[in-house]
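Everything below concerns the one structure shown next.
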Amino acid sequence: MIFRGERISDTGEISDTHSQLTVRIHAHGISVTVLPGQWWNVVGRIASHTFISHSGFEMTEDQMEVEPGHASLRMPSGAHVVEYLARNPRFEGIGRVTAERLWETFRDGLFATLDDGDTPAVADVVGAQKAAMLVHAWHEEGLSNTLQWLQSHGVGLPIGRRILGYFGRAAIDKISENPYRLLSFAAGWPEVDRLAREHLGVMQDDERRLVAAIEETVYRRFSRGDTFVPHADLVTGLRSIFHDERHQRTLFEKAIAQSETAGRLQFDAERNAYSLGASILENRVVACITARLGGKSRTSNADAVIRAYESREGHGFALNAEQRKAVHLIAENDFAVVTGGAGVGKTTVLKCVYDVLEDQGYDITQLAIAGKAVRRIMDATGRTASTLASFIKRMKEVEEHTRSVGDRPMAIVIDEASMVDLISFSGVTRIIDDRTKIILVGDPHQLPPVGPGLILHCLADRPEIPHIELKTPKRFGSAISAVANAVKDGTFPSTELFSDQISFIEAHDSALARLGADLYLAHPEDAVVLCATRKMSDAINQLIQQSLSSDRKPLRLWNLEHDTWEHTGFYEGDLVICTRNHWDLGIQNGSLGRLVELAANPAPELADDGSVA
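Residue numbers (UniProt numbering): 1 to 613.
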């Protein structure tokens with residue numbers, strides 16, 4: 001960005017009417033729009049440049065190169081506010097006459113009046129419409145100043161805007177009071193700690209710093225799915241934060257002690273740390289499950305319903321012994337867990353037990369965490385289903401007084417429960433009544449949920465939980481099932497199992513990626529490559545892309561910080577998978593898609609507040 005202005009004193013007096021200064025600064029080195037009439041404080045190196053103007057004249061001007069963080073917007077002082085308001089386009093409709101009338105009315109009190117947002121007082125002078133506009137624009141200028149302060153201390157624009165959205169004009173005071181509040185707005189520890197130590201005078205053993213370091217360690221683990229941190233891991237996490245500091249052990253002990261005193265985390269007798277929020281959610285889940293253990297279920301002749309179901313299926317169909325036990329388990333308990341790998345008949349159990357539950361007087365609600373799983377269970381059972389998020393939203397919208405004691409109780413069945421995290425499940429437990437039966441169905445050997453906490457994985461190992469594991473394969477051939485079970489149990493499959501259906505190909509580590517890519521490219525429509533590590537999957541994906549992307553357009557996004565296009569690594573036509581839930585967009589973790597078309601992407605323009613227009 002390039003702008004030119006006259007040099008002024010601290011009081012706003014023009015220093016030299018014959019000398020202007022041209023300022024050059026990176027477009028994102030300042031976070032607000034530069035407008036005529038504003039006062040700016042800039043720091044940088046000045047050099048004189050001679051050039052030929054468009055009219056053909058040789059001219060010399062002083063130019064200053066300003067680094068990001070060395071330019072800040074200042075508010076005017078004294079009577080200079082008249083010129084400031086009259087020339088600044090942000091104060092549309094406030095001309096010199098109006099500005100002078102404001103100054104004559106309030107004098108130096110005008111600044112406090114505008115800072116306090118006293119619209120009625122201003123309206124007495126300029127009218128309600130102009131007063132509202134003036135107060136709003138003045139507020140925006142003040143926030144811009146705050147944004148400049150944050151940016152000059154190394155806080156990026158996106159985080160700065162979030163801080164302003166939460167604290168408003170009090171942002172500087174709040175951050176100065178405790179700079180580690182920035183961590184709650186996704187700022188990184190190194191940047192926040194540098195601001196605190198170098199600019200705000202926070203000492204190494206300051207209580208604010210130590211408590212923040214403990215919380216940072218716990219919430220880093222929480223973001224990876226852990227709801228508690230063992231003491232040894234807590235120390236390891238602190239070591240990574242205080243990696244180059246002296247007296248680490250003393251810092252560790254003091255940090256833990258002060259965090260215990262502050263009460264913002266929970267610690268057990270062994271000094272393992274627990275997220276306070278996660279503990280509240282876990283206690284809610286435990287209370288919900290405990291209340292359903294040992295309760296008497298509604299009566300039903302389950303065996304008669306099973307026989308009717310088998311007869312309706314025809315062709316001599318019959319449930320096996322495991323499936324019968326699963327149906328009875330669900331029918332007889334208000335909370336039940338059914339687990340098993342792919343192809344062992346879990347869906348068949350559900351189709352049969354739904355008849356039993358309806359015979360008991362329940363309304364059945366099928367749920368799953370992802371839209372893909374919802375569609376699968378709907379197709380398999382022929383019944384409606386919804387995501388947990390949409391169910392929670394729908395239940396919240398129903399007023400409590402609309403449900404009476406005479407309503408039929410619900411039986412909630414959560415399919416693919418291995419993907420359900422603590423936050424989602426606790427949300428369900430919060431909005432159901434005590435009569436609701438809960439059934440979890442899934443495979444605990446599948447990958448854990450993306451969000452924090454484990455539900456199905458923990459419950460499957462608890463002896464007090466009504467639980468049955470289905471093991472008899474129904475869908476796959478015995479060889480495939482045997483190999484899958486061996487791998488799942490961590491043992492190498494017997495070589496006798498390898499046949500036309502199953503091949504074991506020996507390859508050196510360095511050749512695995514190329515082999516995986518070649519096998520996929522040979523049958524791209526029906527091949528799936530499963531990898532043990534993300535590093536291997538990244539390597540295979542890269543090789544596949546190199547083979548397919550030679551004539552395809554790359555997907556690029558505009559990087560606001562660096563003011564340039566950034567390649568994402570995706571190309572038009574690529575298959576993609578969503579790794580987070582975006583309920584507002586209708587896609588969830590696990591949703592599959594394809595980049596079908598890339599639109600033209602001109603560089604975006606910035607609005608007055610610095611956001612992308």
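All residues carry an ideal CB built from backbone N, CA and C; glycine is no exception.
Just so we're clear, the structure is a prediction, and the values are computed from it rather than from any experiment.
Among residues of its own chain, excluding the 5 on either side of F504, which ones have a beta-carbon nearer than 7 Å to its beta-carbon? Walking along the sequence shown from the start, residue 504 turns up at place 504. Same-chain partners within the cutoff: F498.
Among D334, A368, E13 and A326, which residue has its Cα nearest to the Cα of C352? Stepping through the sequence shown from its first residue, residue 352 is reached at position 352. Nearest option by C-alpha distance: A326.
Can you tell me which of the three DSSP states F504 falls into? One-based indexing of the sequence shown puts residue 504 at position 504. Residue state, collapsed to three classes: coil.
Considering only C-alpha positions, which residue in the set I280, A278, A257 and G277 is nearest to residue 614? With the chain covering only 1 through 613, there is no way to say anything about residue 614.
Buried/exposed call for H523, threshold 16 Cβ in 10 Å: Locating residue 523 in the sequence shown gives position 523, counting from the first residue. Exposed: under 16 other Cβ atoms inside 10 Å.
Output the residue ranges of the alpha helix (DSSP H) runs that lie fully inside the stretch 204 to 286 and measure 4 residues or longer, sorted by chain position. 207 to 223, 231 to 241 and 248 to 262
For V43 and V202, what's the separation of their Cα atoms in angstroms? By 1-based counting over the sequence shown, the position of residue 43 is 43. By 1-based counting over the sequence shown, the position of residue 202 is 202. When rounded, the distance between both Cα atoms is 26 Å.
Return helix, strand or coil for L459, following the three-state DSSP convention. Position 459 of the sequence shown, counted from the start, is the residue given in the question as residue 459. For L459, the three-state secondary structure derived from DSSP is helix.
Are the stretch 404 to 419 and the stretch 441 to 451 touching by the rule of at least three beta carbon pairs closer than 8 Å? yes
Would you kindly work out how many angstroms separate the C-alpha atoms of K296 and K437, rounded to a whole number? Locating residue 296 in the sequence shown gives position 296, where the first residue counts as 1. Locating residue 437 in the sequence shown gives position 437, where the first residue counts as 1. Using only the alpha carbons, I get a separation of about 11 Å.
Please report how far the alpha carbon of G343 lies from the alpha carbon of P473, in whole angstroms. Here residue 343 refers to the residue found at position 343 of the sequence shown. Here residue 473 refers to the residue found at position 473 of the sequence shown. Approximately 6 Å, taken between the alpha carbons.
How about L114 and W149: are their beta carbons less than 8 Å apart? Position 114 of the sequence shown, counted from the first residue, corresponds to residue 114. Position 149 of the sequence shown, counted from the first residue, corresponds to residue 149. No, they are not a contact pair.
Note the first and the last residue of the continuous beta strand (DSSP E) segment covering A385. Along the sequence shown, one-based indexing puts residue 385 at 385. Start and end: A385 to T387.
Drop a sphere of 10 angstroms on the beta-carbon of Q366, count the other beta-carbons inside from all chains shown, and report buried for 16 or more, exposed for fewer. The residue given as residue 366 occupies position 366 in the sequence shown. Its Cβ being crowded by 16 or more others within 10 Å, Q366 is buried.
For A99 versus T119, is the C-beta spacing smaller than 8 Å? As a first step, residue 99 is located in the sequence shown; it is residue number 99 there, counting from the start. As a first step, residue 119 is located in the sequence shown; it is residue number 119 there, counting from the start. A99 places its beta carbon 8 Å or farther from that of T119.
Short Cβ contact (8 Å threshold) for I25 with V82: Taking the sequence shown and counting its residues from 1, the one referred to as residue 25 is at position 25. Taking the sequence shown and counting its residues from 1, the one referred to as residue 82 is at position 82. No, these two residues do not count as a Cβ contact at 8 Å.
Exposed or buried, what is I46 when buried is set at 16 or more other beta-carbons lying within 10 Å of its beta-carbon? Against the sequence shown, residue 46 aligns to sequence position 46. I46 is exposed by the Cβ-count criterion.
Would you be able to state if there are at least three C-beta pairs under 8 Å between the stretch 251 to 266 and the stretch 210 to 226? Output reads yes: the stretch 251 to 266 touches the stretch 210 to 226.
Might you give, ordered along the chain, the residues of its own chain that have their beta carbon closer than 7 Å to the beta carbon of D551, omitting 5 neighbours on each side? Counting from one through the sequence shown, the residue named residue 551 turns up at place 551. Taken in chain order, the list of residues that qualify is empty.
Short of 8 Å in beta carbon distance, which residues of its chain neighbour T22, apart from the five on each side in sequence? Order them along the chain. Taking the sequence shown and counting its residues from 1, one reaches residue 22 at position 22. Answer for T22: I2, F3, R4, E61, D62, Q63 and M64, listed in chain order.
Can you tell me the Cα-Cα spacing of A527 and L519, whole angstroms? Mapped onto the sequence shown, residue 527 falls at position 527. Mapped onto the sequence shown, residue 519 falls at position 519. Cα to Cα, the separation comes out at about 8 Å.
Where do the N-terminal and C-terminal ends of the alpha helix (DSSP H) with G427 fall, by residue? On the sequence shown, residue 427 is found 427 positions in, with the first residue counted as 1. Residues L422 to I431.
Stretch pair the stretch 318 to 325 + the stretch 286 to 296: three plus CB contacts closer than 8 Å: Short answer: they don't touch.
Our contact map puts V125 next to R101 with C-beta atoms below 8 Å; I'd like the distance itself, whole angstroms only. If you number the sequence shown from 1, residue 125 lands on position 125. If you number the sequence shown from 1, residue 101 lands on position 101. That belief holds up - the Cβ atoms of V125 and R101 are roughly 6 Å apart, short of 8 Å.
Option nearest A370 by Cα separation, candidates F111, A86, G12 and R580: Taking the sequence shown and counting its residues from 1, the one referred to as residue 370 is at position 370. Selected option, being the one with the closest Cα: R580.
For G590, collect the residues of the same chain with a Cβ closer than 6 Å to its Cβ; drop the 5 residues on either side in sequence, then sort them by chain order. Here residue 590 refers to the residue found at position 590 of the sequence shown. Exclusion of the five residues before and after G590 leaves A370 and K372 as the residues of its chain whose Cβ lies within less than 6 Å of its Cβ.
Which ranges does the alpha helix (DSSP H) cover as unbroken runs of at least 4 residues, wholly within the stretch 468 to 538, from first to last along the chain? 478 to 488 and 509 to 522
Whole angstroms are fine: how far does the CA of V420 sit from the CA of M395? Counting from one through the sequence shown, the residue named residue 395 turns up at place 395. Counting from one through the sequence shown, the residue named residue 420 turns up at place 420. Roughly 18 Å separates the two Cα atoms.
Three-state secondary structure assigned by DSSP to M1: One-based indexing of the sequence shown puts residue 1 at position 1. Residue state, collapsed to three classes: coil.
Which residue marks the beginning of the alpha helix (DSSP H) containing S176, and which one marks its end? For the purposes of this step, residue 176 is taken as the residue at position 176 of the sequence shown. Its alpha helix (DSSP H) spans residues A171 to E177.
For G451 and G225, which I take to be in contact (beta-carbon distance under 8 Å), what is that distance rounded to the nearest angstrom? Along the sequence shown, one-based indexing puts residue 451 at 451. Along the sequence shown, one-based indexing puts residue 225 at 225. With 8 Å as the limit, G451 and G225 qualify as a contact, their Cβ atoms being about 7 Å apart.
Ignore the nearest five residues each way along the sequence and tell me which others in L440's own chain have a CB closer than 6 Å to its CB. What you label residue 440 is simply residue 440 of the sequence shown in a count that begins at 1. For L440, where only same-chain residues beyond five positions count, the Cβ hits under 6 Å are V337, I414, A417 and L456.
So which of D433, D233 and R514 has the shortest CA-CA distance to N541? To locate residue 541, count along the sequence shown from 1; it is residue 541. It is R514.
Could you give the residue range of the alpha helix (DSSP H) that holds F106? On the sequence shown, position 106 is the one that residue 106 refers to. Taken as a continuous stretch (DSSP letters only), the alpha helix (DSSP H) holding F106 covers R96 to F106.
Just confirm the distance between the C-beta atoms of L422 and V285, as a whole number of angstroms; I'd bet it's less than 8 Å. Working through the sequence shown from its first residue, we reach residue 422 at position 422. Working through the sequence shown from its first residue, we reach residue 285 at position 285. Confirmed, about 7 Å.
Just the C-alpha distance for A511 and V576, rounded to the nearest angstrom, thanks. The sequence position of residue 511 within the sequence shown is 511, counting from 1. The sequence position of residue 576 within the sequence shown is 576, counting from 1. Rounded to whole angstroms, A511 to V576 spans 25 Å at the Cα level.
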